[in-house]
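Visitor: Numbered per our numbering, the sequence shown spans residues 1444 to 1559. Yeah, the Cβ is synthetic: ideal placement off N, Cα and C, and Gly gets one too. The following block contains the structure, expressed as structure tokens.
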Amino acid sequence: MATISVQTITESGITPTFAAATAEGDVMDNDGSTFLLVKNGGESSITITITAQVTSVKTQLFGETTKSNASLAIAAGAEGMIGPFSPSAFNTDNSQISITYSGVTSVTIAGFKINN
């Protein structure tokens, strides 16, 4: 498991740095404005999943609601973006999101946030 660095996008732009996805999954700091860019250089489609940490909430307005994991299927040779992620639903106790992949062969990932 690796920690994916969050890169800040500024007005002058950014040249992204990608890391290899790990079979054990990865984590990334999340402040609610972060998102992921995933490149699938493999020959099979993959699914990236961000695990919801809080899956059920009961509110007076909506009653019992369920939060699902966030997931994105990415075709072979394609790229995809996913996020941002609500900290109250997706953050671990360490203020990170947990990322897993259905396959990691030739899969690279980069984390971003916008400079506000």
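1. Taking 8 Å as the limit between beta carbons, can you name the residues of its chain near residue 1452, skipping five residues before and five after?
2. List the DSSP bridge partners of residue 1477.
3. Since residue 1480 and residue 1553 should fall inside the 8 Å C-beta cutoff, what is the C-beta to C-beta distance between them, to a whole number of angstroms?
4. Which of helix, strand or coil does DSSP assign to residue 1495?
5. Compute the Euclidean distance between the alpha carbons of residue 1459 and residue 1488, then round it to the nearest angstrom.
6. From 1469, 1455, 1499, 1457, pick the residue whose C-alpha is nearest to that of residue 1540; which is it?
Guide: Taking the coordinates as given:
1. 1555, 1556, 1557, 1558
2. 1556
3. 5 Å
4. coil
5. 23 Å
6. 1469
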